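Right, one structure below, let's go through it.
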Amino acid sequence: MSLSLHEDVIVFDESGIKSDKPARKVLESKDANVETKPQRLVGDKGLQKTGKRNRKTTNKNDLVKLDTPKNTEPEQIPAQSISKPSEDSDTCAPVLSTGKVDLLPTPLPIRTRKQASQNNDPEPVMPHADEIYTRYAAPLLALSDQGAILPFEDWATSLDDTVHIEKIAEASFSEVYRLTIEDIDSSGGANESVLKLVALKSAPDEPLPCDIPQAAKRRRNVDLDAQKRKELQERQKENEWRSSTSDVHSEVRLLQNLTHIPGFTTFRSLIILQGRPSASFGRAWKDWNKSRPKAKKSQFPDPNKKASFSDTQIWAVIEMQDAGTDCGAVIEKGGISSIWEVWDIFWNVCLSVAKAEQVCRFEHRDMHMDNICIRSSEPGGDVVGPVVRNPLKRKLGFTPLETTVIDYTLSRADIIGQNTDTKRSFIADATDVAYLDLDRDPSLFEGDAEEEYQYEIYRYMWGAVYHNDPMNQDEPTPSTSSSATTTTSSSSSKSSPQTPRRSPRKHNDNLINTAPSTPHRPPRAHPPHHQTIWSDYHPKTNLIWTHFILHTLLQNLQGNNEPATQTPESILRKIVDAGPEDGPRIHKKAVILHKILRKVNALLEPSALGVESKVKSVGDLVAWALRGEYLGVGDVVGGA
């Protein structure tokens with residue numbers, strides 16, 4: 001593995017692979033579509049039925065591996081619809097585990113209506129209804145192993161005997177569940193998998209209930225036109241919080257592309273289901289909702305109620321490996337409170353994103369604290385109060401914390417390792433790109449920054465994409481270049497010395513450099529001459545999100561957590577392998593690291609990231625850190 005620096009940009013060779021060392025997430029080069037086989041929680045029919053929580057464990061002889069999901073693409077993808085930014089976290093998903101639970105039972109015939117009763121009198125169905133749903137889900141089935149839609153109930157039943165199902169999070173368009181199986185052969189450790197459960201919009205040609213002839217006969221005295229309008233309105237309302245197949249297709253392709261890059265979610269499989277959620281998922285939903293405060297109850301319908309979902313509802317289930325706990329939740333618990341944790345988390349995220357920039361021109365576009373997950377590389381390690389080792393002998397890796405960047409709903413990346421010269425491409429560009437046209441959802445850029453500083457970040461990102469300047473919020477003109485590389489800003493960094501901001505996400509006290517927010521733009525129509533601007537590569541958006549991450553992390557250090565306010569004795573409390581005589585030197589290093597991060601924070605201010613900024617990507621930022629010897633080459637290419 002070699003590393004060369006040219007014009008402030010890191011260039012890696014293409015011989016590296018994802019490191020097997022658990023202690024370090026580093027930049028290593030590898031094609032994102034190399035045919036590797038990520039482990040999946042699977043098991044065979046020999047698993048014993050033991051109940052829900054007091055369940056038996058599997059024998060290692062029962063464990064098998066499945067091939068990675070197919071990388072074939074669909075004939076045609078429907079028009080995209082935009083996903084909104086998560087307010088709660090999607091979960092986190094990597095770090096391979098050895099336990100396996102069968103998530104892919106033998107495909108069964110699609111049942112569009114339940115059998116009515118024991119008298120064998122079936123409920124009426126539309127002719128060829130199964131073809132409607134199979135055709136609708138075809139783009140996703142092409143990315144799935146099973147190749148057919150599975151009944152939700154039968155699929156879930158195959159899990160009930162072997163795993164504990166727990167709901168752990170919600171996002172704008174998905175719910176997240178954790179599956180856990182105890183493995184006595186792994187020292188009692190829990191083997192976990194994470195499922196992202198996504199309800200899909202109704203198929204365009206799916207009949208309304210009143211369109212079914214047999215159902216219409218039962219409503220002879222009903223105004224069918226009025227009934228049809230009512231049912232259509234209800235369907236449109238339900239589809240508002242559901243995802244399109246193109247949205248899910250884009251996210252899965254991104255997952256497949258990024259899974260081999262250190263510090264990104266390890267993708268396992270995509271499963272397509274039909275029907276109402278099973279009782280086990282209903283119980284998990286109820287338990288999670290019961291534990292939530294009144295103001296934070298579930299935004300999704302109760303799956304235990306029959307009216308919440310029809311038995312024709314199509315689901316996309318994305319299986320990933322568990323990556324731990326999101327940073328937002330850890331901060332709420334009092335974690336990430338030392339300079340050592342802040343330093344490791346920030347630079348490990350930067351290393352992962354810089355690698356993804358180089359491999360597939362990646363932009364995350366929604367990298368807030370809930371989309372950064374951490375876990376300890378040490379068995380039983382604590383993410384809230386991790387130990388610190390040998391701080392005087394290293395430049396990175398002071399703690400055992402590993403980071404994972406998750407949730408690529410709004411992300412953009414080149415799809416590599418596939419045939420891009422095909423009419424089946426997700427878009428019509430010469431390069432196959434997975435992305436979402438964020439302009440189709442103007443509300444994304446209209447959030448109230450008084451409530452969340454995160455909403456300001458989306459506006460900064462918009463300015464970077466349209467004007468190459470986060471501070472420029474002027475409406476684009478037809479002559480605006482889609483690459484936005486030469487636009488002269490009317491509100492450049494020279495005339496905007498201070499970055500407007502409001503309260504960071506979930507943290508409203510002791511604001512740093514508080515100033516008025518950017519002008520609030522009114523809703524605007526989608527500009528047709530800029531349809532593909534979000535498919536272009538704008539790496540400066542990654543810098544804007546790293547600004548948000550560092551700003552939030554540094555704010556969490558304010559007060560008694562700042563190294564300058566601590567004594568050598570207090571700073572030694574969580575450090576192992578250090579004696580009292582090392583206290584002054586360790587304290588001095590902590591103060592220096594804090595000063596460096598404040599320097600980086602100034603470099604990443606949106607007001608400093610205008611047209612004339614020399615730092616144009618996270619890769620540039622890592623190169624800058626290498627030149628300043630803030631990081632070592634070994635930290636970047638695999639040493640620790």
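To convert, note that position 539 of the sequence shown is 539 in UniProt numbering; the numbers rise steadily by one, no gaps. Where a beta carbon is used, it is the ideal one built from N, C-alpha and C, also for glycine. Given the structure is predicted, the values throughout are model-derived calculations rather than measurements.
Cα atoms of residue 445 and residue 458: separation of roughly 6 Å, rounded to the nearest angstrom. The beta carbon of residue 361 sits closer than 7 Å to those of 413, 414 and 537, all from its chain and outside the five residues before and after it, given in chain order. One Cα belongs to residue 356, the other to residue 411, and the distance between them is close to 12 Å.
With contacts defined by Cβ atoms closer than 9 Å, residue 550 and residue 631 do not form a contacting pair.
Listed in chain order, the alpha helix (DSSP H) elements of length 4 or more contained wholly in the stretch 543-627 are 568-571, 583-603 and 618-627.
By the neighbour-count criterion, in which 16 or more other beta carbons inside 10 Å mark a residue as buried, residue 324 falls on the buried side.
Straight-line measurement puts the Cα of residue 600 at about 18 Å from the Cα of residue 635. The DSSP assignment places complete beta strand (DSSP E) segments of no fewer than 3 residues inside the stretch 365-417 at 372-376 and 401-405, in order along the chain.
The residue among 580, 591 and 165 with its C-alpha nearest the C-alpha of residue 564 is 591. It is roughly 46 Å from the alpha-carbon of residue 589 to the alpha-carbon of residue 432. Under DSSP, residue 270 shares a beta bridge with 318. Annotation: residue 228 to residue 160 spans about 39 Å, alpha carbon to alpha carbon. Residue 164 is bridged by DSSP to 180.
Judged by DSSP in its simplified three-state form, residue 191 adopts strand. A straight line joining the alpha-carbon of residue 199 with that of residue 139 spans about 15 Å.
By the CB criterion at 9 Å, residue 350 and residue 576 fall outside the cutoff.
As DSSP reads the structure, residue 448 sits in no beta bridge.
Along the length of the stretch 331-365, whole beta strand (DSSP E) runs at least 3 residues long do not occur. According to the DSSP assignment, residue 291 belongs to the alpha helix (DSSP H) that extends over 279-291.
The three-state secondary structure of residue 532, taken from DSSP, is coil. Per DSSP, reduced to three states, the secondary structure at residue 196 is strand. Per the DSSP secondary-structure output, residue 243 pairs in a beta bridge with 200. For residue 320, the closest of 196, 532, 578 and 309 by C-alpha to C-alpha distance is 196. Residue 301 and residue 170 have their C-alpha atoms spaced approximately 12 Å apart. The residues 276, in chain order, have a CB closer than 8 Å to that of residue 306 in the same chain once the five nearest residues on each side in sequence are set aside. When 571, 455 and 175 are compared, the shortest CA-CA separation from residue 442 is found for 455. In the DSSP assignment, residue 276 falls outside any alpha helix (DSSP H), carrying neither H nor E. When 595, 322, 179 and 165 are compared, the shortest CA-CA separation from residue 407 is found for 322. Between residue 533 and residue 466 a beta carbon distance of about 7 Å is seen, short of the 8 Å cut, so the two are scored as contacting. If the five residues before and after residue 304 are omitted, its C-beta is found closer than 6 Å to the C-beta atoms of 282, all from its own chain and listed in chain order. Take the alpha-carbon of residue 147 and the one of residue 131: they are about 13 Å apart. Residue 433 is bridged by DSSP to 414. A check of alpha carbon separations from residue 203 across 332, 310, 610 and 587 identifies 310 as the nearest. Judged by DSSP in its simplified three-state form, residue 169 adopts strand. In the same chain as residue 602, and ignoring 5 residues on each side of it, the C-beta atoms closer than 8 Å to its own belong to 608, in chain order. Residue state for residue 154 is assigned as helix, using DSSP reduced to three classes.
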